[in-house]
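Worksheet: one structure, shown below.
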Amino acid sequence: MSISVPDKVWWKPIDKEEKIWFALALIWMLASFFWMPVYHYIGKQNPSSESYKVTREQFEKSATDFIQKYQVKDANGAPVFMNNVAVVHPPAGGDAYLVAKAWAWDPVLELEKGKTYRIHLSSLDFQHGLSIYPLNINYMAIPGQDYVITMTPTTSGEFPILCNEFCGIGHHTMVGKIIVK
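Under the working numbering, the first residue of the sequence shown is numbered 1132, with each subsequent residue one higher.
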């Protein structure tokens, strides 16, 4: 048996209830659309949006200069490393640099509880994702973008930094650290 052909006018004109539901859905959609950019400015959940275009070389030089200037020294004056990564203690209120590269975070940041820092974040090779555990802090490290995160640590301890953007075969080894004293 074949499928029967519907009547010529098989649909019915839109009635009052359908018009009301359509209007409500349209109003809700437009309100949500226009509310999003407004809430970006008045909401307290959004991260700072300070960022700059930089070249890989500029950011790498700034980060290297920062590491050399603020690297922690032991009692003998020798530079301190954790897993072959420099440990730095930036001044409170100053700029600190965190570099994402295949497959490491550089350097280990040693921060002070209750002090504010401006952390510059970028990648030297390809896109990485910054996640600071167990806090719910997530940022993207993108080549050519210097993303500035203003941070005031409120809890002491060691906080692992993980890459949450798949970045190749060594992605699972991309672990860094922030130490708050």
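We treat Cβ as the ideally placed atom computed from N, Cα and C, and that holds for glycine. Since the structure is predicted, the reported quantities are computational estimates derived from the model, not experimental observations.
Worksheet item: Should residue 1297 go down as buried or exposed, given a rule of 16 or more other Cβ atoms within 10 Å for buried?
Response: The residue is exposed, with fewer than 16 neighbouring Cβ atoms inside 10 Å.
Worksheet item: Are residue 1216 and residue 1230 close, meaning C-beta to C-beta below 8 Å?
Response: no
Practice prompt. Just tell me which of 1263, 1272, 1249 and 1243 has its CA closest to the CA of residue 1256.
Written response: Among 1263, 1272, 1249 and 1243, the Cα nearest to that of residue 1256 is on 1272.
Worksheet entry | For residue 1249, the residue or residues it bridges with in DSSP | 1226 and 1281
Worksheet item: Where in the region 1149 to 1222 do unbroken runs of the alpha helix (DSSP H), each at least 4 residues long, occur, reported from the N-terminal end onward?
Response: 1187 to 1201
Worksheet item: Applying the criterion that 16 or more other CB atoms from any shown protein chain within 10 Å of the CB defines a buried residue, is residue 1226 buried or exposed?
Response: exposed
Item to complete: Verify whether the separation of the beta carbon atoms of residue 1283 and residue 1224 is less than 8 Å.
Response: No, the pair does not count as a contact, with Cβ atoms beyond the cut-off.
Worksheet item: What whole-angstrom Cβ distance do residue 1292 and residue 1306 have, given they're in contact under 8 Å?
Response: The beta-carbon distance between residue 1292 and residue 1306, rounded to whole angstroms, is 7 Å. This is short enough to meet the 8 Å contact definition.
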